[in-house]
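Novice:
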Amino acid sequence: MDMIPGIDVTASALNAEKIRMDVVAQNIANANTTRDTDGHAYQRKMVSFESVLDATGKGVQVGRISSDTTPGETIYQPGHPDADKNGMVQMPNVHLSTEMVDLMSSSRAYEANLSVARNAKQMATKALSIGK
Amino acid sequence: MSLLGSISSINPLGGLNKTSDMASALQEGVGAMIPGGLGKTQELAGLTQAGALDGVSTGALAGAGSVQGSDSSSAFVNFLDNAVQEVNGKMNAADVQEAKMMTGDSSNLHQTVISMQEANIALSLMVNVRNKLVESYQELMRMQV
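Line by line, the protein sequences are chains A and B.
For the first sequence, the tail end lands on 132 under the numbering used here, and the numbers increase by one without skipping.
For the second sequence, the tail end lands on 1145 under the numbering used here, and the numbers increase by one without skipping.
1) Does any C-beta atom of chain E lie closer than 9 Å to the C-beta of A/L103?
2) Let me check understanding here. Comparing Cα to Cα, which of A/G79, A/K132, A/A31, A/F49 lies closest to B/V1127?
3) Within 8 Å, do at least three Cβ pairs link the segment 1102-1116 of chain B to the segment 15-35 of chain A?
4) By the 10 Å Cβ neighbour count, where 16 or more other Cβ atoms means buried, how is B/V1087 classified, buried or exposed?
5) I'd like to know if A/A55 contacts chain B, where contact means its C-beta is closer than 9 Å to some C-beta of that chain.
6) Starting from A/N15, find everything on chain B with Cβ-Cβ shorter than 9 Å and list it in chain order.
7) How long is the line joining the alpha carbons of B/E1139 and A/E17, rounded to whole angstroms?
8) Return helix, strand or coil for A/P81, following the three-state DSSP convention.
9) When the cut-off is 9 Å and only beta carbons count, does A/A29 lie next to chain B?
10) Note down the Cα distance separating A/H80 from A/I28, rounded to an integer number of angstroms.
11) Please compile the residues from chain A whose C-beta is within a distance smaller than 8 Å of the C-beta of B/N956.
12) Less than 9 Å between CB atoms is the rule here; does B/A1052 satisfy it with respect to chain A?
13) Touching or not, the segment 31-43 of chain A and the segment 101-119 of chain A, by the rule of three or more beta carbon pairs under 8 Å?
14) Hey, how far is the Cα of B/A1060 from the Cα of B/L1123?
15) Of all the residues that make up the segment 1113-1127 of chain B, which are near chain A by a beta-carbon distance shorter than 8 Å?
16) Indicate the three-state DSSP secondary structure (helix, strand or coil) for B/I1114 in the structure shown.
17) Measuring straight from C-alpha to C-alpha, what distance separates B/M1091 and B/L1133?
18) Looking at the structure shown, is A/T125 part of a helix, part of a strand, or coil, going by DSSP?
19) Spatial neighbours of B/M1001 within its chain, please: C-beta separation below 6 Å, excluding the five flanking residues on both sides.
20) Measuring CB atoms only, is the segment 66-77 of chain A touching the segment 91-100 of chain A, in the sense that at least three cross pairs come out at less than 8 Å?
21) So, helix, strand or coil for A/Y42, using DSSP?
22) Based on DSSP bridge pairs, tell me the residues matched to A/E148.
23) With DSSP collapsed to three states, give me the class of A/Q90.
24) Opposite A/E50 in the DSSP bridges: which residues?
25) Of all the options A/D2, A/M3, A/A13, which has the alpha carbon lying nearest to the alpha carbon of A/S115?
26) Give the residues of chain A in contact with B/K1132, contact being defined as C-beta atoms less than 8 Å apart.
27) My understanding is that A/V60 touches A/S51, with C-beta atoms under 8 Å, so please give their C-beta distance in whole angstroms.
28) Between A/K121 and chain B, is any beta-carbon pair separated by less than 9 Å?
29) What residues are listed by DSSP as bridge partners for B/S1136?
30) If distances are taken between C-alpha atoms only, which option among A/I7, A/A117, A/Q26, A/H40 comes closest to A/M100?
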């Protein structure tokens, strides 16, 4: 029984947006990581959402977190520890402008879902006051 | 009077460990209020229906009220029992979420707050149900014989 209308769907959206923001934070933090765990330069991660049928409606879940395969730029820096034999260093394909736009979009979506939750809670509280 | 005593013993502020006592007290309270008379059963169901149990599916209540025969009282009592179990479940879930947040297990702040809010509303609903029941009982007792 859903006490607050639509709260399960909203909670799933909040979860999904939070994960998206985590991924953006990870991308920005690794903007200069030339050596990832697999030995190559860090590849930017992307999040794709998919809808999932809930008891009360269609919620959101993170479908998959995939890597962006477009290569980043290569810089000529022979003294770098990760430079190859030509002195070129592969940099991550993270563009700060893209990440900042993703961050803004994600935080606005989070706030929108928060205001849905807040209004739904108010509706439920007002409904209880009918009986008083 | 033992009936009044059992109803006043339903104290929702008593905490989780009293919820099962609440359920059995509600059950025997309502069962005693409905001495099997068909007319009184329908009237009681009608009174509580007019009392507007919001947030709870009034369809179930309408169904319980319109069932003819001695089934009405047990259907209503079962309905109340389910409601109490639900409130207990929600409060337990909220507690679990809070414990996880305190120990740093869960990073979902919004989930914790939402669970607490749902438990709060469920408890308010339970208190309102109790108030309506007491009101209906008093209304019944005021009838001239």
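In this text, a Cβ means the ideal position worked out from N, Cα and C, and glycines have one as well.
Being a predicted model, the structure only gives us computed values, none of them experimental.
Specialist: If we stick to the structure as given:
1) Absence of chain E from the displayed structure is noted, the protein chains being A and B.
2) A/K132
3) Taking 8 Å as the limit for Cβ pairs, the verdict is that the segment 1102-1116 of chain B does touch the segment 15-35 of chain A.
4) Within a 10 Å sphere around the beta-carbon of B/V1087 sit 16 or more other beta-carbons, which makes this residue buried.
5) no
6) N1108, H1110, Q1111
7) 52 Å
8) coil
9) no
10) 21 Å
11) Residue 956 of chain B is absent from the model: chain B starts at 1001 and stops at 1145.
12) Low per-residue confidence applies at B/A1052: pLDDT is 36, beneath 50, and the placement is therefore not dependable enough to give any value.
13) no
14) Unreliable placement is indicated for B/A1060, whose pLDDT of 39 sits below 50; the coordinate value is still reported in the next sentence. Each residue's alpha carbon lies about 19 Å from the other.
15) I1114, Q1117, E1118, I1121, A1122, S1124, L1125
16) helix
17) 22 Å
18) helix
19) Only weak support exists for where B/M1001 lies, its pLDDT of 42 falling under 50; the value from the coordinates is given anyway. Within the same chain, B/M1001 has no close Cβ partners at all.
20) yes
21) coil
22) Nothing in the structure corresponds to residue 148 of chain A, since chain A is present only between 1 and 132.
23) strand
24) A/Q61
25) A/A13 is the residue among A/D2, A/M3, A/A13 whose C-alpha sits nearest the C-alpha of A/S115.
26) What B/K1132 touches in chain A: G131.
27) Confirmed, about 6 Å.
28) Yes, A/K121 lies at the interface with chain B (some Cβ there is under 9 Å from its Cβ).
29) Answer is none; B/S1136 lacks a bridge partner.
30) A/Q26
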